[in-house]
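One structure is given below, encoded as structure tokens.
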Amino acid sequence: MLRYDAIIIGAGHNGLVAAAYLARAGSKVLVLERRELVGGCSVTEEIWPGYRVSTAAYLTSLLQERIIRDLDLPRFGYQVDAKDPAFFSAFPDGRHFFMWQDRSKTLAEIAKFSPRDAEVYPAYEDQLERIAQVVEGLLLTTPPQFPPRGLGDFLEYLKLAAKLRRLGAKDLVALVKIFTQSAAEFLDEWFESEQVKVTLATDGVIGANGGPRSPGTAYILLHHCMGGVAGHRGLWGFVRGGMGAVSEAIAASAKAGGAEIRTNAAVAKILVRDGRAYGVALEGGEEIEAGAIASNLDPKLTFLRLLDERDLDPEFLAAIRRYRIEGTSAKINLALNGLPEFKAFPGAPGPHHRATMHICPDIEYVERAWDDAKYGRPSERPLLELTIPTIYDPSLAPPGKHIMGIFLQYAPYTLREHTWDDLLDPLAGRVISLIEEYAPNIRRIVERIQILTPLDLERRFGITGGNIFHGEMSLDQMFVMRPVAGWARYRTPLRGLYLCGSGAHPGGGVMGAPGYNCAREMLKSR
Ligand SMILES: Cc1cc2nc3c(=O)[nH]c(=O)nc-3n(C[C@H](O)[C@H](O)[C@H](O)COP(=O)(O)OP(=O)(O)OC[C@H]3O[C@@H](n4cnc5c(N)ncnc54)[C@H](O)[C@@H]3O)c2cc1C
């Protein structure tokens, strides 16, 4: 029987990061991936001839600088174009709003809606920057044991408190608010203009199981500021070659370090003997042994699908069953034979096509979109975030053609009536009609449509409930509680079994942090 030092189940970007670090430390590592390509939710797929589409994740920012540097990713093809302008919002009254990399240009835009908001915006951004810096310092660390068991655990909390002390009193209050408030409440304290607030609030609801007025969404807003491009905090960018190029660069780095990667190799079972995970069985029956195993799968799949429940403590199992992981997002990818012409900013190509383009006029609109989802219906009028990666990288589509990615909130995984398979066409129709209100030529330029509902996301990418973060990012499922209290340190109740995916601290996004942290913990126990 084959034997490795470590097996990584799943070649999502986190599994690949873990493999790369383990291999560089001299471990004999095997990565096993169910699909025919690596990357999980960070992939480029040629879904139509000549169109290379980032079918799920579409922008980068969170991927940690340290990982990019350690794994030498630019050498393996990782290249990012910073998005500028960052945001473009079109409003029904024909006005528009840009946010630029250049703060003075952004302030001039904000002043169009509220001179007072333009005055406070620098202080808002600076405070978010200070808080993000402190929280970012925790991303590449292992959370302290919770509940604490001994003196050593209490010492870790003291170290954490020392880090937080770097924030002054005002920022500390703001930090507590960020962890508990809704995005709308948080923004209401700063701004008066609806247009400014809704543009900033979208980051608080992308991927969230809640509306802008749901407590906890302020944190999602901060989570989306936890990175940057080329040293510019909070900035997002398009990856040359699409998001698959991120995963391929990490895979190439891992292979250069000696890791082996097998695709079309779905794991059916984690093998356990005397409370220790000692190997895996593939769907075809092949068994492979290893000293340690890390699962890149979400916690539900790892513990409820790949393990026999008799091997797990009932209390732990109950906590995993309660782990909330229903998604509320859909992704729609379009092939276009031209560019959308917006009423609020005529002309094509224009600077707005380089931005993330928002269709969500005000906070109440988004809250109403969430109301539908709360009662098991896709939003009648959803929040849409549009991107056109071919503006930055024309090689992704045939000459003269474009790709548009649409991220849609809200599309609840569990529907009260109907099934997702029945609702595909009506959803596509509603989305095109909605865009048409702002960009009347859209229907004419759409050549192809791919719709990925939460159910499709689950089926295609293997993420339970179609949840883009491998589990809700709410306070009770974060940091020392991710995925469940007592087991946030990448280890699991089974000796030799670790978690290296987004269901572990610090959660979802193409960040690489769970994979990095998990590899460090595995190396400690070697
Ligand atoms: C539609 C969508 C849009 C998003 N947009 C962005 C974005 O723009 N920017 C951003 O930063 N984040 C975005 N995200 C979130 C981000 O992509 C994910 O949180 C992140 O990629 C998850 O990475 P991971 O490595 O933890 O897990 P995954 O990427 O889910 O990888 C898990 C891997 O395990 C494999 N697998 C599953 N079962 C088995 C098995 N039995 N045996 C072997 N392999 C198996 C899967 O095929 C997959 O490759 C988006 C996600 C989605 C779905």
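In short: position in the sequence shown from 1, add 1465, done, that's our numbering. Beta carbons are placed, not taken as given, at the ideal position from N, Cα and C, and that holds for glycine. From a predicted model like this one, the values you see are computed outputs, not experimental measurements.
Buried or exposed (CB count within 10 angstroms, at least 16 for buried), residue i
i	result
K1548	buried
S1844	buried
S1554	buried
F1423	In the structure as shown, the chain begins at 1466 and stops at 1991. Residue 1423 is therefore absent and cannot be evaluated.
T1879	exposed
S1569	exposed
D1582	buried
A1588	exposed
A1683	buried
D1591	exposed
D1890	exposed
T1884	exposed
D1773	exposed
P1905	exposed
R1786	exposed
A1627	exposed
P1854	buried
K1765	buried
G1505	buried
Residue i - DSSP class collapsed to helix/strand/coil
i	result
S1860	helix
R1913	strand
S1898	helix
W1885	helix
R1956	strand
M1946	helix
E1850	strand
R1468	strand
Q1610	coil
D1668	helix
F1656	coil
S1760	strand
F1810	strand
F1934	coil
T1929	coil
K1796	strand
W1701	coil
M1691	coil
Supposed contact pair residue j and residue i - C-beta distance, whole angstroms, cut 8 Å
i	j	result
R1705	Q1544	4 Å
P1958	D1778	5 Å
L1629	L1637	7 Å
P1805	I1907	5 Å
N1798	V1518	5 Å
P1826	P1550	Between P1550 and P1826 the Cβ distance is about 19 Å, and since that is not below 8 Å, they are no contact.
M1708	S1526	Between S1526 and M1708 the Cβ distance is about 12 Å, and since that is not below 8 Å, they are no contact.
Y1586	L1572	6 Å
G1559	K1866	That belief does not hold up - the Cβ atoms of G1559 and K1866 are roughly 29 Å apart, past 8 Å.
E1621	P1609	4 Å
E1986	T1607	6 Å
H1818	I1856	5 Å
Distance CB(residue i)-CB(residue j) smaller than 7 Å
i	j	result
L1771	I1735	yes
I1472	A1755	yes
L1605	A1978	yes
G1669	I1685	yes
L1497	A1719	no
G1841	R1881	yes
L1848	A1795	no
A1721	P1677	no
V1831	I1474	no
R1913	W1513	yes
H1478	S1712	yes
G1927	G1968	no
E1752	G1744	yes
F1578	A1820	no
A1485	I1715	yes
F1944	G1672	no
Y1523	T1852	yes
S1658	S1679	no
G1980	C1965	yes
A1742	G1972	no
V1663	I1575	no
G1723	A1488	yes
L1801	I1910	yes
G1693	L1700	yes
T1793	A1834	no
A1717	F1541	yes
Residue-chain proximity (residue i, chain D), Cβ-Cβ < 7 Å
i	result
I1753	Annotation note: the requested chain D is absent from the structure, which comprises a single protein chain.
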